[in-house]
Amino acid sequence: MINAVLVFNGQGQPRLTKFYTQLETSIQQRLISEIFTLVSNRPDGACNFLPLPPILAASGTSHSASEPHNDVPSLVTYRHYATLYFIIISTSTESPLALLDLIQVYVESLDKLFENVCELDLIFNFETLHSALSEMIVGGVVIETNMDRIVSGVKAQGTVTKRPVNEARPSGLGAGLGGTFVWPGR
Amino acid sequence: MFVIGIAFRLLYDSRFEKSLYDLIRGMRNHKGNEREYIQNCLKECRAEIRSQDLDLKATAMLKLVYLEMFGHDMSWASFHVLEVMSSPKYHQKRVGYLGAVQSFRPDTEVLMLATNLLKKDLTGASTTTIALPIVALPHLITPSLALSTLSDLLPRLSHSNPTIRKKTIVTLYRLALVFPETLRAAWPKMKEKLMDTREDPSVTAAIVNVVCELGWRRPNDFLPLAPRLFELLVDSGNNWMAIKLIKLFATLTPLEPRLVRKLLPPLTEIIRSTPAMSLLYECINGIIQGGILGSGDDDDGQEEIASLCVSKLRSMIMVDGDPNLKYVALLAFNKIVVTHPWLVAQQEDVILECIDSTDISIRIKSLDLVQGMVSSENLISIVGRLMRQLKSASPENGRNAAVDPADLDSDEEALEETINPRQKADGQPPPLPDDYRADVITRILNMCSRNNYSNLTDFEWYIDILTQLVRMAPLSRPTNDLESSTTSKSNFGDASERIGDELRNVTVKVHAIRPACVEAANAILMQFNKDAPSGHPVTSGAVKPIAWVIGEFATETVSPDDSLQSLLQLIPRITSPESLAACLQAATKVFSLIAGDSIAPWTPERKSMISLLMARIIHVFEPMAIHPNLEVQERAVEFIELLKLTAEAVSGQDAAGEDSDYAPLLLTQAMPSLFVGWELKSVATSAQKNVPFPEGLDLDEPINPNLNSLLANAQPLSMPAEEADEFEIYYNKRPPPTSIVSEPAINRLESREEVVGSYQQQPSEDAYLDPDILARRKAERRERNKDDPFYIGEGSSLTGTSTPIHNILQTSNGPDLDVDSIPIMELDLDKLNVGISGSVPSQARKAPRPKPPRQKIVIAADENIAGSGGSTPRHYDSENNSDSFTKSRAKQLKQSVLLGVDSTNIGSLNLEAEPDSRGYDYESQQREEAEMARAMKEVERLRLEMQRANERIQVAQGVDAEGTVVKKKTKKKKAPAAKKKKKKVVAPDAGKEPEKTNDDNDGQASAPVKEAAAENAEEQAAAENAEEPAAVKPKKKKKKARPAEIQD
């Protein structure tokens, strides 16, 4: 199952945190900062899977695969879009490559919802971020992967507001997140 | 909008409420003093959330949820979360639910009060409202909550909207994890939905996802579904679902071998045809995990599929440009290696290349693999690669960028303002994090010590490796961290301690190599002294075992005087009490060896030399006599007294006289006798268990019951010293010694990334050993071979680093000449014989290399007491761990898995059991609930009636209506009283209640309507009533304030 979905920007500021098991706030923050440290040190061209952050590795799983335990978070998948990192922490019952696609679906759905989404949209509409996620994942289990259904599901809950118009758009984000990025292996 | 703002302003003091938008804007505009700004906002939120206006409340809640994301605790607001959740407006309700999902923790008390609200919303009118509690439940669920919401959740399985249906399915699964009985009620319906071919495909996909999660927990239940699942796999065309189905089948095939035959054709078909890489990968993975590879009978088809899978995985690693494939292929290999190590060993070449990848994730995974496939032939080359890696990421490089522990638990402010200081330097490979380095070291040691060193052929090389490792080990950290004290495995301090332990093990076990070991130990000790400038603490964990080696085998040292000197130098600077105790012991041992020579004449020179030496030792030991650690203190005091006695004896023994040619007996006999005796041998970890337990020994009984109070009294004394230590560490901490200071410039000509040669090219030792170690190695080799006519002495320098020019040539030509890049696979003719194309080249290339002759070295096995289990050098460094260790680890795993879901109970539930036997029966429960609800309504009605009657009386009597305030207490007390009146009405209904709550006392439940049963029902109703006041509360608030009433 999926243990957590995190979104934070290049400075490590969280934009979305969703833990599918209850966790102390301070531990959540520690986890986020550890993952951020890992993610920000990735070289170009590295793969989209992170080694386990120390806090997770210490809590039971070792690096070795000799004791596969399906209940333990063992996979940290991330994708980097423009200024944002999308992270999924999951157990070994999820398929790593499918998770990459799942993040892509999520981002594309957001792009559809906000029309050329950028970080600012997500900052000011974090409620929409949550509701889009809850259309895709409930209780750590994926329930929908079809983009149109996700988008209509979110829209059914109310109108999606665009970011405030007077908020200046920082340069460099113009390209948006959804964009043309398609993972070649897909 | 503005007008409303003004209105608010008038209403609530002079504050102008912020929207979420304002908050975020404010945070962005207050860069630099965000903390203060946020504190102010929190203060405002605290006030706003108490307001009566739900709009304001909801906005404040949304702001709190936003701030919670940044780590600002909002657990204090949990009651307000409930209030917002119960709002009649959807958009407010949604905020409330979001607040609950994000902030409720298992210990949140108001959760109990939420039950009724959740139940109400679950039966709500609009789809969106129903979805809220369904989505929120997995985050809040507790067994009792599961029990009470289950009956409302189950009907949602047949809701007309597929979105509700699929969300319900998942929520039921999460319910089942904490409350397994859920499955009994829900599974038949879920199964029905799964079987229904007209069901919405996304609902089917959700069920498959849930079944996949449940599958590994209780695979037997899902075997009957195999035909339908198979159908879905073949026909659905949904890749997401296919992936999950394959994963599910992988857990089913071990139980039903016939499935293999059925699955192979479609899987092979998918492998050959699918354009989706993820599906392809999962097919391969499924085949591997499902034990389809080589499962017994050697069919042609299986042989074929095995080669297909492995070659596909191999090409995944080889393919350029997609590191993700590389990673997942390694993941798959990691799974294969457990069951089919030989298949992985054939891919040694590609896997070894991954070890040097710039990507840590890939490195770690390949490391896992390498550990599994090491043999005596490739050990040295693999370890060489790893050593080179450690060395090239030289310590000072890694140090700057390593995560400072202080960073991790820094406060919110730092988090919000982090401007990434660790930006990657251009063109430079990212530094290796400390825990990775520690991990690599542990693995090197594991590989070498595997099976009691059976893979190791050259122990001198191993000692050099250990010496080098000590220098490269990450600096151990002060163990004030919470984790490091509990989980020793990930503790970095352990790495250096393990290296020391290894050196000790080799010293003890391998007799032939002992002198070299002791020399190495001496060298390491001197290195410690040299590296840290005087006055700075030495923290390496290797000190303890190394000091022990020096003390125990002092007879093997060339110059014990030097050993003693370095020990004495070291002692004042050691911080760890254990190391200190070991050093004290070692120093005394060495001294007794130096001084205890009974044959040498007792000359004045010797006398004064020994007196001086003793004075020096006493001087060093003296401060330790007041060390806060008892062990250190005791040893120090003991040795000081002993030495003082000896000193007296020495000064009393006149060296000038004729009859006093002999040294004092205390020096020559008594002291050495303390330390010499039987040689110490390594003992298996399991041996202790076999020692018979002495009778009358109670290990749990405290020796001194007052120990705690004694220690408490002693505390104030020791505190200052420790504090001072901490300060000293803090201020004087300096980066660890750099080992490349003296590196000749010529080495720098080598490219940073070593020539990525083929794996069979032995990595030269120069790549990873420090120059001084290398020099010694060379000298030794020359010494050893000087009588060998076939050995060309000076030529040895050519084998290592060649001339720089040659090196440059090699580097530039390297890629072109890389043997591995030549596609050998297609050319191979032996393919048919071996079956797996990738295997052949490596075998063919390996064959001509002669196996290095194994040194004739006896490695002592661990000693054990008859009947005990396997012998292991150390409990942690071998695969065949003692059971207790794995068990305790498993236990620990269960207890403290972060983010993990504990689902231990669900496996034990028996789905097949008769539905009405004792277990949870959904229908009857529902019936009972309906009855209960009716009874409650009746009670409420009667209560109100009575209340009204009461009021009438009060008014009639002229009691002041505003006199007393209604209290909860009044209500509680009143409830039973009210019931007394209508006992007859309620009793028949309520008589059944005990059936639900306590199934066990059937007798009572079936009793006819009697006084006892009625009493019981009454109690229950009262309890029910008492439980609910808060849930009722919101309603109560909306009612007009009731006139006061007098307590009766």
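Top to bottom, those sequences are chains A and B. So the mapping is simple: the working numbering equals the position in the first sequence, first residue as 1, plus 3. So the mapping is simple: the working numbering equals the position in the second sequence, first residue as 1, plus 34. No residue lacks a Cβ here, since even glycine has one placed at the ideal position from N, Cα and C. Every value quoted in this text rests on a predicted model; they were computed, and no experiment measured them.
Put N6/A into one of helix, strand or coil per three-state DSSP.
strand
Would DSSP call Y23/A helix, strand or coil?
coil
Does chain B have any CB closer than 7 Å to the CB of C121/A?
no
Would you say L180/A reaches chain B, if we count a Cβ-Cβ gap shorter than 7 Å as a contact?
Here L180/A scores only 46 on pLDDT, less than 50, and its place in the model should not be relied on; the value that follows carries that caveat. No, no contact with chain B.
Indicate whether the contact test is met: 3 or more Cβ pairs, each with one atom in the region 140-155 of chain B and one in the region 182-191 of chain B, closer than 8 Å.
yes
Classify A148/B: buried if its beta carbon has 16 or more other beta carbons within 10 angstroms, exposed otherwise.
buried
Euclidean distance between Cα positions of F727/B and L733/B
10 Å
Output the distance between the C-alpha atoms of V362/B and R59/B, rounded to the nearest integer angstrom.
42 Å
Determine the chain A residues that contact A159/B at a beta-carbon separation under 7 Å, and present them in chain order.
Ordered by position in chain A, no residue passes the 7 Å Cβ test against A159/B, which lies about 14 Å from the chain.
Which of helix, strand or coil DSSP assigns to R397/B
helix
7 Å Cβ cut-off: residues of chain A touching W221/B
In chain order: nothing, as chain A lies at least about 16 Å away.
Is P196/B closer than 7 Å to D234/B when the C-beta atoms are compared?
yes
Just to confirm my understanding: we take P17/A, look at its own chain, exclude 5 residues before and 5 after, and list those with CB closer than 8 Å. What are they?
L9, V10, F11 and I35
Whole-angstrom distance between L266/B and P253/B, CA atom to CA atom
18 Å
Between the C-alpha atoms of I241/B and V204/B, what's the straight-line distance to the nearest angstrom?
8 Å
Cutoff 7 Å: T28/A Cβ touching any chain B Cβ:
yes
Do we get a CB-CB distance below 7 Å when we pair V212/B with the residues of chain A?
no
Let me confirm a value: D896/B is counted as buried when at least 16 other C-beta atoms fall within 10 Å, else exposed. Which label applies?
buried
Looking at Y315/B and L102/A, is the spacing between their C-beta atoms short of 7 Å?
no
Kindly indicate the opening and closing residues of the alpha helix (DSSP H) around I241/B.
P235 to G249
Can you tell me whether K474/B is buried or exposed? The criterion is at least 16 other CB atoms within 10 Å of its CB, across all chains shown.
Note on residue identity: the sequence assigns Val, not Lys, to residue 474/B. That one is buried.
Around the Cβ of A134/B, are there at least 16 other Cβ atoms within 10 angstroms (buried) or fewer (exposed)?
buried
How do the region 582-596 of chain B and the region 605-623 of chain B stand: do at least 3 beta-carbon pairs fall below 8 Å, yes or no?
yes
At least 3 beta-carbon pairs within less than 8 Å: the region 389-398 of chain B vs the region 45-63 of chain A:
yes
Please tell me whether E247/B has its Cβ less than 7 Å away from any Cβ of chain A.
yes
On the CB-based measure, 16 or more other CB atoms within 10 Å of its CB, does K885/B come out buried or exposed?
Any reading at K885/B must be qualified, since the residue scores a pLDDT of 44, below 50, and its modelled position is unreliable; the value itself is stated next. So K885/B ends up on the exposed side.
Around the Cβ of L297/B, are there at least 16 other Cβ atoms within 10 angstroms (buried) or fewer (exposed)?
buried
Would you kindly check if the distance between the Cβ of N6/A and the Cβ of Y23/A is under 7 Å?
yes
Same chain, Cβ closer than 8 Å to Y470/B, neighbours up to 5 away in sequence not counted
I394, R397 and I398
Determine, for H83/A, whether the minimum Cβ-Cβ distance to residues of chain B falls below 7 Å.
no
Over the uninterrupted beta strand (DSSP E) stretch that includes T80/A, give me the two end residues.
L78 to Y84
Cutoff 7 Å: I72/B Cβ touching any chain A Cβ
no
Could you list which residues in chain B have their beta carbon closer than 8 Å to that of F127/A, in chain order?
L54, Y55 and I58
Where T96/A and A239/B are concerned, what is the direct C-alpha to C-alpha distance, given to the nearest angstrom?
15 Å
Buried versus exposed call for H545/B [16 or more other C-beta atoms within 10 Å across all chains shown]
exposed
Evaluate Q86/B with the Cβ neighbour count: other Cβ atoms within 10 Å of its Cβ, from every protein chain shown; 16 or more gives buried, anything less gives exposed.
exposed
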